[in-house]
Amino acid sequence: MNFDNYFTRDKIIQLLCKYRAKVAKNRHKKHIRYSLSTECYIEPKGEIYQIMPPRRMWHKFRFKEDNKEDSVKYTRKVIYKTIKYTEGKFQNNPLKTPPEWFDKLNLFIDDIVSKINSDYKLGKPHIYLITKDKTRTEYRPLSQYALAEKVIISVTAKYLTEIFDCLFLDCSYAFRLTKSKNDSSGRNHHATIPIIQEYRQNNGANLWVAECDIRKFYDCVNHKIIRKTFRQLEQQKKSQGILLDRRAKKIFYKYVASYSYMDVLDKATQESRLDKLGFVEVAKELKKIYHCQNKIFSYKYIGVSQGGELSGLIANIVLHNTDITVSASCAEFHYLRFCDDMILLSPDKTSCSDIFSHYTQSVRNNLLAIHEPKELITYTKDFWKTKSKAPYLWAANNFPWVAFVGYQIKYDGSVRIAKKSIDKQKDKIIDVLNEYKLLLTQSTEVLPRVSLGYIKNSIEKCLISLSVGRTRLYNYRKYKPVLCWIAGFKAVTRNPIFFNQLKKLDHYKASVLRKFFKFLDSNQSNFPSITAKNHRKKKKSIKYYGRPFSYHGAIENDITIVKS
Numbered sequence: 229m230n231f232d233n234y235f236t237r238d239k240i241i242q243l244l245c246k247y248r249a250k251v252a253k254n255r256h257k258k259h260i261r262y263s264l265s266t267e268c269y270i271e272p273k274g275e276i277y278q279i280m281p282p283r284r285m286w287h288k289f290r291f292k293e294d295n296k297e298d299s300v301k302y303t304r305k306v307i308y309k310t311i312k313y314t315e316g317k318f319q320n321n322p323l324k325t326p327p328e329w330f331d332k333l334n335l336f337i338d339d340i341v342s343k344i345n346s347d348y349k350l351g352k353p354h355i356y357l358i359t360k361d362k363t364r365t366e367y368r369p370l371s372q373y374a375l376a377e378k379v380i381i382s383v384t385a386k387y388l389t390e391i392f393d394c395l396f397l398d399c400s401y402a403f404r405l406t407k408s409k410n411d412s413s414g415r416n417h418h419a420t421i422p423i424i425q426e427y428r429q430n431n432g433a434n435l436w437v438a439e440c441d442i443r444k445f446y447d448c449v450n451h452k453i454i455r456k457t458f459r460q461l462e463q464q465k466k467s468q469g470i471l472l473d474r475r476a477k478k479i480f481y482k483y484v485a486s487y488s489y490m491d492v493l494d495k496a497t498q499e500s501r502l503d504k505l506g507f508v509e510v511a512k513e514l515k516k517i518y519h520c521q522n523k524i525f526s527y528k529y530i531g532v533s534q535g536g537e538l539s540g541l542i543a544n545i546v547l548h549n550t551d552i553t554v555s556a557s558c559a560e561f562h563y564l565r566f567c568d569d570m571i572l573l574s575p576d577k578t579s580c581s582d583i584f585s586h587y588t589q590s591v592r593n594n595l596l597a598i599h600e601p602k603e604l605i606t607y608t609k610d611f612w613k614t615k616s617k618a619p620y621l622w623a624a625n626n627f628p629w630v631a632f633v634g635y636q637i638k639y640d641g642s643v644r645i646a647k648k649s650i651d652k653q654k655d656k657i658i659d660v661l662n663e664y665k666l667l668l669t670q671s672t673e674v675l676p677r678v679s680l681g682y683i684k685n686s687i688e689k690c691l692i693s694l695s696v697g698r699t700r701l702y703n704y705r706k707y708k709p710v711l712c713w714i715a716g717f718k719a720v721t722r723n724p725i726f727f728n729q730l731k732k733l734d735h736y737k738a739s740v741l742r743k744f745f746k747f748l749d750s751n752q753s754n755f756p757s758i759t760a761k762n763h764r765k766k767k768k769s770i771k772y773y774g775r776p777f778s779y780h781g782a783i784e785n786d787i788t789i790v791k792s
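Residue numbers for the sequence shown follow our numbering, beginning at 229 and rising by one.
The structure is reproduced here in structure tokens:
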């Protein structure tokens, strides 16, 4: 594999189009806030606007499957076609002066190619803290690199993933390549659920199950361990006659060195949130693990950037040896891992306990801490709050459910969405409405820029898009949900338990929306009326948003959801 083939002009442009399409989607959301308040302004345009064609220049094209694709994918194609059209236009007419954005795009691409061929220094990312739960008592760090570095990291991640993916075991399901270009599912968390169901069906009524979750993996992973396991995989590829490009290695090492948890601590100190990182207890356990292995613990040499495309590859690289250790057992069992979460199934309790011990010890050998496994006696609410579970019996009269990657699987094969995932969706709905409510009530002098009817219509459509995507009456029977909450649960089978979950969620959304509309009606005098001067006349919207726009209706019409 030639590293230069990944940094061709066309591939860089396609990646930039993807970024620009995502920015356009986010900017649309910000425009709704702008409409709700005269004190809310749209943020200044970033660097990517300077090197991409402006919105008014985008060419509209008709694609064969427009109605089946998400808006980001469609926008990406439109931007790419616009760039190629501009490219051809000025190549055929060299005397004409190209637009400024086109010249800047060419300079940007040349700069990226120059950087990967030189010994440049990868800058530190911008770190920002976001709330981890609705109580806002704990924060987690995310980071963002500059645009040029983001492109370099993304393309390098693709190169290294295609090099190393064949070495990873079949038990690993996170951040893997798709099986083929025509296979959109690939090896992802949805694929684990049918495997668990099949193993259950083939191995009798009683199975012993163990679960484990690594504590703050991306914050705790050791830089030396990353480099060590990376070199081991490099040697394996070398023995197969495949040499890694030295530039890709340098970029990988620079990426690891560009970030540390010390940077997070500095950021949290500046924002007076040091006590809300939830890292004190984890640090104590890490120090014990380091001490047992005669290692020196330092915040400066742990942690990798979360949100980057190389981060997922790092998780697979570091835990690859753990997968090998577990898979080497001769006992009858099935082991699945998705990033830092794992589940172990076996018909024998002793085998399950032994293999689980091998896993936890291997994780500690990688200088990582786990949530301490708990021995479960009876099936109570605490079962769902426990992140790591010692072997327990998955059976009708013991523990009827197991949980993995956002799904819950019953002993009879039924699948439902985890309660935690549903609660997060409810919180998201409330957060959206509270944000709009705050914008409308922050000051008596602040007025919306649009009418009451426009606001109601926008908010209702926003929640529909958040829930089931951009479905329409003319295509809802054939519409496949994408880029929405319900699209994240493709492995759920049609069963009464699952349908009941969705009906309750529909009822909840309708209830909170009805209360919000009552609030708007009580403040009707604050909204401007629609006139020819201050607002463009809109078509009358459909008043009833029922089954075609509901969680339950989206699943009934989705052909990807199979019958149990």
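From the three backbone atoms N, C-alpha and C, an ideal C-beta is built for every residue, glycine too.
All figures in this text were calculated on a predicted structure; none of them were measured in a lab.
Any chance the segment 468-479 sits against the segment 387-394, with 3 or more Cβ pairs inside 8 Å?
yes
From this set, H562, N334, V306, G716, which residue's C-alpha is nearest G697's C-alpha?
G716
Say whether the segment 533-550 touches the segment 567-584, bearing in mind that this needs 3 or more beta-carbon pairs closer than 8 Å, one atom from each stretch.
yes
Quick check on D411: does DSSP put it in helix, strand or coil?
Residue confidence is low: D411 scores 48 on pLDDT, short of 50, so the model does not pin down where it sits. No coordinate-derived value is stated.
Smallest Cα separation from S342: which of R368, I380, I355, D651?
Of the listed residues, the one whose Cα sits closest to S342 is I380.
Provide the residue span of the beta strand (DSSP E) that contains L357, from first to last.
354-359
Classify N254 as buried or exposed, calling it buried when 16 or more other Cβ atoms lie within 10 Å of its own Cβ.
exposed
Close-in-space but distant-in-sequence residues of the same chain around K352 (CB under 6 Å, 5 per side omitted)
S486
For Q429, the first and last residue of its enclosing beta strand (DSSP E)
Careful: Q429 lies outside any beta strand (DSSP E), inside the alpha helix (DSSP H) at 417-430.
Near Q729, what residues of its chain come up, given a Cβ to Cβ distance below 8 Å and the 5 sequence neighbours on each side ignored?
Its chain contains R644, I645, I650 as the residues whose beta carbon lies nearer than 8 Å to that of Q729, once the 5 sequence neighbours on both sides are disregarded; these appear in chain order.
Please confirm if the segment 316-331 is in contact with the segment 510-527, defined as three or more CB-CB distances below 8 Å between the two stretches.
no
What does the alpha-carbon distance come out to for the pair I423 and Q429?
10 Å
Are the CB atoms of F744 and L667 nearer to each other than 8 Å?
no
Between the C-alpha atoms of S612 and Y620, what's the straight-line distance to the nearest angstrom?
As written in the sequence, residue 612 is Trp, which differs from the Ser given in the question. Taking the straight line joining both Cα atoms gives about 13 Å.
Enumerate in chain order the residues of its own chain whose CB-to-CB distance from L244 is below 6 Å, with the five nearest sequence positions on each side excluded.
none
Is it the case that the Cβ atoms of L748 and I683 are separated by a distance below 8 Å?
Judged by their CB atoms, L748 and I683 are nearer to each other than the 8 Å cut-off.
Check Q636 in the structure and name its three-state DSSP category.
strand
How is M570 classed by DSSP in three states: helix, strand or coil?
strand
Local conformation of R565 per DSSP, three classes:
strand
Candidates F403, W622, V532: which alpha carbon is nearest D576's?
W622 is the residue among F403, W622, V532 whose C-alpha sits nearest the C-alpha of D576.
Tell me which residue opens and which closes the beta strand (DSSP E) that P369 is part of.
367-372
Over what stretch of residues does the alpha helix (DSSP H) that includes R474 continue unbroken?
474-485 is the span of the alpha helix (DSSP H), which, as asked, contains R474.
Take the Cβ of A631 as the centre, count every other Cβ of all protein chains shown within 10 Å, and call the residue buried at 16 or more, exposed below.
Its Cβ being crowded by 16 or more others within 10 Å, A631 is buried.
DSSP three-state label for I714, please.
In the three-state DSSP reduction, I714 falls in the helix class (H, G or I).
Rounding to the nearest angstrom, what Cα-Cα distance links R304 and A249 in this structure?
5 Å
Go through the segment 520-547 residue by residue and report every complete run of the alpha helix (DSSP H) that reaches 4 residues or more, in order.
537-546
Taking M229 as the reference, which of Q319, M280, K465, F318 has the closest Cα?
K465
Which of helix, strand or coil does DSSP assign to E600?
Reduced to three states, the DSSP call for E600 is coil.
Quick check on S533: buried or exposed, where buried means 16 or more other Cβ atoms within 10 Å of its Cβ?
buried
Nearest neighbour of L461, chosen from E439, D393, N431 [CA to CA]
D393
Using the beta-carbon count (16 or more within 10 Å), is H735 buried or exposed?
With a threshold of 16 other beta carbon atoms within 10 Å, H735 falls short and is exposed.
Can you grab the Cα-Cα spacing for the pair E426 / Y664, in whole Å?
46 Å
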